[in-house]
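From first to last, the protein sequence lines are chains A and B. Here the first sequence stands for residues 236 to 947, where the numbers follow our numbering. Here the second sequence stands for residues 236 to 947, where the numbers follow our numbering. Structure record follows, encoded as structure tokens.
2 protein chains.
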Amino acid sequence: MLATTNAVLLDQQEITEISAQLGTNSLMGLSLAKMISDTQTYMAAPIEVPGHGEAGGYEHNRHKQNYQYINQAGRLFLITGDEQYAKFTAEILTEYADKYLGFGFHIQRNTNPPGRLFHQILNEHVWLLYSSLGYSCIKHWLNDEQRQHIESKLFQPMLNMFTVKYGHDFDRIHNHGLWAVAAVAICGLAIDKPEYVEMSVHGLKGDDVSGGFLAQISQLFAPSGYYMEGPYYHRYAIRPLCLFAEVLHRHRPSLNIFEYKDQVIGKTIKALLATAYPNGVFPALNDASLSMGIKDQGVVVAVSLAYKHYGHDDKLLGMANIQQQVWIHGCGSALSQGFEKSTNTSLPHWPSVELNEGPNGDRGAQGFIRLQSQDGDVSQLVMNYGQHGMGHGHFDTLGISFFNRGQEVLKEYGFGRWVNVEPKFGGRYLDENKSYARQTIAHNAVAVDQGCQNDFDVETADAKHGVPHFFENQTKDLQAVSAFADNFYPGVDQQRSLLLINDDALDAPLLLDVFRINSEEEHSYDYALQYQGQIIRCNSDYQMHGELLPMGSDFGYQHLWNVAQGKAANNSLVSWLQGNSYYSWISASEANDELFFTRVGANDPQYNLRSETSLILRRQAKSTVFANVLETHGYFNEAVEASTNARGKVTEVKVIASNEIGTVIQILGENIHFTVMLSNQRNISADTQHSIETNQQTYCWQGSLALEKNRG
Amino acid sequence: MLATTNAVLLDQQEITEISAQLGTNSLMGLSLAKMISDTQTYMAAPIEVPGHGEAGGYEHNRHKQNYQYINQAGRLFLITGDEQYAKFTAEILTEYADKYLGFGFHIQRNTNPPGRLFHQILNEHVWLLYSSLGYSCIKHWLNDEQRQHIESKLFQPMLNMFTVKYGHDFDRIHNHGLWAVAAVAICGLAIDKPEYVEMSVHGLKGDDVSGGFLAQISQLFAPSGYYMEGPYYHRYAIRPLCLFAEVLHRHRPSLNIFEYKDQVIGKTIKALLATAYPNGVFPALNDASLSMGIKDQGVVVAVSLAYKHYGHDDKLLGMANIQQQVWIHGCGSALSQGFEKSTNTSLPHWPSVELNEGPNGDRGAQGFIRLQSQDGDVSQLVMNYGQHGMGHGHFDTLGISFFNRGQEVLKEYGFGRWVNVEPKFGGRYLDENKSYARQTIAHNAVAVDQGCQNDFDVETADAKHGVPHFFENQTKDLQAVSAFADNFYPGVDQQRSLLLINDDALDAPLLLDVFRINSEEEHSYDYALQYQGQIIRCNSDYQMHGELLPMGSDFGYQHLWNVAQGKAANNSLVSWLQGNSYYSWISASEANDELFFTRVGANDPQYNLRSETSLILRRQAKSTVFANVLETHGYFNEAVEASTNARGKVTEVKVIASNEIGTVIQILGENIHFTVMLSNQRNISADTQHSIETNQQTYCWQGSLALEKNRG
């Protein structure tokens, strides 16, 4: 037996610190208790190492659970000193070593090469990473023969497969590549083969450009730290990134990895965290699940690591409060201690932030606007005016989502996928992801001529990006963002400006949405809002159809039932009830605008889509402005039969003027008289003067926008 | 000033006991903290006594809040000794006394006479009850003039209105009547007019039969304690019932009210509690909200009172655990102390219970079947085979609902009403309550010839009731219920038998549903299940319609979109995902059965209905048996991307035989081979022998049913 532990990620002092929290109510103590109970349950069942299985199927899940518990049991052996954990880890690794080379390779089914355990080596990378970590925790407890068996029959063949057989795929600049290099390096450390660390850090060519961890973290993120595939894929990439960075911090201290490239690691962690809604769930930008959030394992690791290596931050404690756990590691100890000491661990309130996109930060941005109401609730608006996001991109530039009172109000549909639900095409992406979820009309955006941005062509879309106009986050009663999207439809330029406004007359921040379109040709514009809940009130004279037909035949419209339609009223209003809150949408609709109520579900023979609802305001025009507010108001609680302010306060939205200089909007209601002036000129500065005359009135303002209350 | 308090419901010892809990974490301490913070928030706003308003509107809500805080502030004055509470209570009562007689009467809008504050005196009764209680807490703190003003200008006129002007409506045998007598008696005590107590207890005629509290509690409940309008209305009646009973206990001890009529009060409280789902929410029998549960104020009072006066019961502590509060009263002190002492306050697991209906308990029953799985989760099945329930009754005799894993799986639609949502017809019952929610097809039942039971005629329905057949609740792996409904459709007799079966091969209790129909004429039978969630798998060759039409033109069918239909497969299977759980329905379908998928929403121009889904299996037959199982299986968690056992174990359900003696069913699947024998003979005993021969096999059993596992 070896004398002491040489666990890749834990030293003796950390182990002692963590052990001291066993049985306490600190976040570390709670995390340990959960891990112990969870691991005990798993260990109570017989060890099972199955053969191949379908993606998402029983065998697939079993292999996933196995690596998770190899990793957990290994750590628990060091922390508790209880040999049952070492015994379990040794037995299961031995059984894998007995069987691994006997498993043939899966049949290749997608672009990712197949492994011996999983249908794609991505999963096998993850398996290797966690199993190596677990192995490194018990290695000193094994005898030479056991070590030899596991290393030669399991780990070394895996390393060969990843770096030789699939060498072409090993260290590429891609989120999957991060898993590959982290797994190979960690396994290399666990079995004392430092050459694998070198190739993982610097790439097979050793040039720090074409591959390897340093090249990956230099090239995968924008200067803002944003990851172009969006938070859902970002949180998946952040896990190997953080694990490997922590490994390098202790095993290659000369790299000074946490300072590397102007702290790119810290920056990208904070960028990811800054996208989250106030409840910790990530907006489903691009292909994404609706429920992925900061409780994900990778983000738990990232928050602990950021706290340890980039210093105290109340917002991180707020996130730990949502997570109710820490990484069971020295970094997690630091966070747990910080949490114990702090008196301010309320929910995190991140400031509004604009995250630029592209290698140089000049390919648009993602805007995250937040405003807090008097009762403390945070409203968050998200607008996409960045890049398309490659194969996982949605055609939704200038699309928005909106969250408050604990729920998403203007919804992202997310991906068309039932992840890991085996009977749903093995849990993989479904056809409806393309035919509906990625289409423009599935978003809170404007679809032109019932089509899709860039004609649903990924290459065209990847070549374009949105153009930031202004971003105002300096005052606590007004935050704003504006951006352009030129020629996403041929000959059509779009500009969307969004404001969140606090006022004593209102229960919550008012969302003003001014969607301006310029075109020399007449088009049909569909301004769509993905609402959810029960329609309470509508002032338009619509007809509910006696028979339902799809809204169209392509670009997602084939999946929308046309439930009701009618001529939109002047200042058309639709109110709905979602959860405990009322929402009212009031639009400066024009004569001949038509209002549609839709429901997802047409042409979906396998029930692959969720039955969701939208409003569409349709207008035939050349250049035009859609000006709308969304008011959050009142309270409803069915269980106690309480309802207040079910009608809201805003009654009218008017477009006073709109031209190349600016747009002037009026919002009227009970004790509400707002005039909003927005710049439409490109490349303005804070000093740029704007002046618009209309109806013997002159509206002048400086800089991006002005809000006047109670102007006559 | 008077020397000491003569609060109607609190004596000095109780006040001392309650005060001692201020600032503690006991249930009483938590309840006090919440009441104080809540009352302080309300008192911080200016006092406002508005005039008339719409049902559910602002003024209506304000009057409701006012009585609530008069009551709370009065009690808090006694408990905390802080005069700010007395001052607030005095001021607001004085302002009501200033204005009350100046308010005219509302215009009468429904069968309930109008008050001066509210559109119906029911609300005004509640107002008087709570305001009198609050007044009695501060009366000794007021001077003579204040007392005189409040009593002569407010309370006495209210008493006159209720007992003279609306005397004909005062003490009737009805749940509203309970509020009337409780309010009048409590006010009588508060202002020292004992004559009002007498008339409230014994009725205006003093005969204890035609009216008054004693007559009400003798006549309103079945011997089982069940209230025919269902738990939703029961929990509303239980509040004045308990408050008045507690008042009588201390002010008319000679009545010995808690022993009255063989403990009718205790019995009806326990009957109400025994209907609740494991999460504390009441099944929405008849017109009811889907979210009303044991956290309702009335039930909080009832649980505390039952614990004090009918003794310790672990199930009551389990309910208090869900409530996380107690009645702030001596009864609540007792419960809070019991809770502190107990080591077993897990969620309550009520035994299966059959609650008979009708004054003599011979008008059918409501069946509540519960079975616990190995992981502790309780599955609950509810079947209605009792009375119709008068004006709030639904036409759903033999209808069922089913709950497990924290959610209702086979759903009750509940009422067609957005309670207190003012823009939805003042929060009152909507037309769609009749046109959809009360119809047979809206339930988990069989609709015949696309019609409704008893042709939707209340008088016909009230004259009938279901007939209990057997109820088996003795073993922990099998519970069962069976009942008949004869002639609810002309010439059609129905029998429904339901079993919950535990087995090691299954994740959770299996629900077997055997719905047997006898008729000499051919009919079209629609076996309907109200499911909720995402369809995962279906083995029938259905077509999703390219255009949607309503399922019919009357009896609720006009509100159902026909989304998809097809010939049902042999052993047709439909799986869906609801929340974190999978459900599979496997049916012994017959050749030519047709399967429909529906969605609520057609012919609902105001969006008054919720968009819910159902499966319908349609069969043309004379006599027939629908035999089905519902398997609960697997686990799904999108946030952590986990899915297990998405396919379930049962593959086949067969009707081996069915005649006047019994029905024999086989259930087959992975490690599952069950044979179930059910009695169809009426008036059986535990000794009755049954024997059926079919295909050279003989099936013999004694008593109501037999279950054999692994019979060849």
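Using N, Cα and C, we set each Cβ at its ideal position, and we do this for glycine too. In this text the structure is predicted, and so the values were computed from the model without any measurement.
Inter-stretch contact at 8 Å, needing at least 3 Cβ pairs: the stretch 701-721 of chain B / the stretch 819-827 of chain B:
Result no; under three Cβ-Cβ pairs closer than 8 Å.
With a threshold of 8 Å between beta carbons, is Ile635/A in contact with chain B?
By this cut-off, Ile635/A is not an interface position.
Which residue wins for smallest C-alpha separation from Gly701/A, given the options Tyr777/A, Leu633/A and Gly291/A?
Just measuring C-alpha positions, the residue of Tyr777/A, Leu633/A and Gly291/A sitting nearest Gly701/A is Leu633/A.
Based on DSSP bridge pairs, tell me the residues matched to His295/B.
His295/B has no beta-bridge partner at all, per DSSP.
Measuring only between beta-carbons, confirm whether Lys550/A sits less than 8 Å from chain B.
Interface with chain B (8 Å Cβ-Cβ cutoff): Lys550/A is excluded.
Short check: CB of Leu520/B to CB of Glu667/B, under 8 Å?
At a Cβ-Cβ threshold of 8 Å, Leu520/B and Glu667/B do not count as neighbours.
I want to see whether chain A comes within less than 8 Å of Pro658/B, judged by CB atoms only; does it?
At a cut-off of 8 Å between beta carbons, Pro658/B contacts chain A.
Element boundaries [alpha helix (DSSP H), containing Phe448/B]:
Phe448 to Gln454 is the span of the alpha helix (DSSP H), which, as asked, contains Phe448/B.
Indicate whether the contact test is met: 3 or more Cβ pairs, each with one atom in the stretch 714-725 of chain A and one in the stretch 596-616 of chain A, closer than 8 Å.
By the Cβ rule, the stretch 714-725 of chain A counts as touching the stretch 596-616 of chain A, because three or more pairs are nearer than 8 Å.
Determine, using beta carbons only, whether Pro840/B comes closer than 8 Å to chain A.
Output row for Pro840/B: interface = yes.
The alpha helix (DSSP H) that contains Phe204/A, what's its start and end?
Residue 204/A lies beyond the range of chain A shown here (236 to 947); nothing can be said about it.
Val613/A: first and last residue of the uninterrupted beta strand (DSSP E) it sits in
Segment Val613 to Tyr620, the beta strand (DSSP E) holding Val613/A.
Is it right to say Ile342/A is buried, meaning 16 or more other beta carbons lie within 10 angstroms of its own, or is it exposed?
Its Cβ having fewer than 16 others within 10 Å, Ile342/A is exposed.
Confirm, please, whether the CB-CB distance from Val561/B to Ser266/B is below 8 Å.
Yes, they are a contact pair.
Pair every Cβ in the stretch 378-388 of chain B with every Cβ in the stretch 324-337 of chain B, then say whether three or more of these pairs are closer than 8 Å.
Yes, the stretch 378-388 of chain B is in contact with the stretch 324-337 of chain B.
Is the distance from the Cβ of Ile900/A to the Cβ of Val888/A below 8 Å?
Yes, the Cβ-Cβ distance between Ile900/A and Val888/A is below 8 Å.
Leaving out five residues before and five after Lys502/A in sequence, what residues of the same chain have Cβ atoms less than 6 Å from its Cβ?
Closer than 6 Å at the Cβ level, and outside the excluded window around Lys502/A, lie Gly460.
Since Glu252/B and Ser568/B are thought to touch, with beta carbons under 8 Å apart, how far apart are those beta carbons, to the nearest angstrom?
5 Å between Cβ atoms; contact.
Please return the same chain residues whose Cβ sits closer than 8 Å to the Cβ of Met236/B, not counting the five positions on each side in sequence.
Residue placement at Met236/B is poorly supported in this model, since its pLDDT is 49, which falls under 50; the coordinates are not used for a value here.
Determine, for Leu508/B, whether the minimum Cβ-Cβ distance to residues of chain A falls below 8 Å.
Cβ-Cβ to chain A under 8 Å: no for Leu508/B.
Using beta carbons (cut-off 8 Å, strictly below), is Gly904/B in contact with chain A?
Not one chain A Cβ lies under 8 Å of Gly904/B.
So Glu782/B contacts chain A; which residues on that side make the cut at Cβ distance below 7 Å?
Result: Glu782, Leu783 and Leu784.
Taking the alpha carbon of Thr859/B as the reference point, which residue from Gly546/B, Ser754/B, Gln355/B and Ser581/B has its own alpha carbon closest?
Checked all of Gly546/B, Ser754/B, Gln355/B and Ser581/B; the closest Cα to Thr859/B is Ser754/B.
Straight-line CA distance for Thr239/A to Leu734/A?
If I take the Cα positions, the gap works out to 60 Å.
Coarse secondary structure for Lys944/A, derived from DSSP in three states:
Judged by DSSP in its simplified three-state form, Lys944/A adopts strand.
Show which residues of chain A have a CB atom less than 8 Å away from the CB atom of Trp796/B.
The contacting residues are Leu783.
Output yes or no for whether 8 Å exceeds the beta carbon distance between Ser939/B and Ile919/B.
Cβ atoms of Ser939/B and Ile919/B: closer than 8 Å.
Look at the Cβ atom of His298/A, then the Cβ atom of Leu352/A, and state whether they are nearer than 8 Å.
Closer than 8 Å, so yes.
Cα separation between Gln937/B and Glu928/B?
Answer to the nearest angstrom: the Cα atoms are 15 Å apart.
Between Phe871/B and chain A, is the shortest Cβ-Cβ distance under 8 Å, so that the two count as touching?
Interface annotation, Phe871/B: in contact with chain A, CB-CB separation under 8 Å.
Check the Cβ of Lys530/A against every Cβ in chain B and list those closer than 9 Å, keeping chain order.
Chain B residues near Lys530/A: Ala874 and Val875.
Beta-carbon proximity list for Val284/A, same chain, < 6 Å, skipping 5 on both sides
Cβ neighbours of Val284/A beyond the five flanking positions: Glu330, Tyr331 and Lys334.
So, is Thr710/A buried or exposed, given that buried needs 16 or more other C-beta atoms within 10 angstroms?
Exposed, by the Cβ-count rule.
Could you have a look at Cys422/A and say whether DSSP puts it in helix, strand or coil?
Cys422/A sits in a helix when the DSSP states are folded into three classes.
Gly726/B versus chain A: which residues are under 7 Å apart at the beta carbon?
Going along chain A, no residue has its Cβ under 7 Å from Gly726/B, so there is no contact; the nearest lies around 33 Å.
Are any of the Cβ atoms in chain A nearer than 8 Å to that of Met236/B?
Interpretation of Met236/B is limited by its pLDDT of 49, a score under 50 that renders its predicted location unreliable; the figure taken from the coordinates is listed afterwards. Judged by the 8 Å Cβ criterion, Met236/B is not in contact with chain A.
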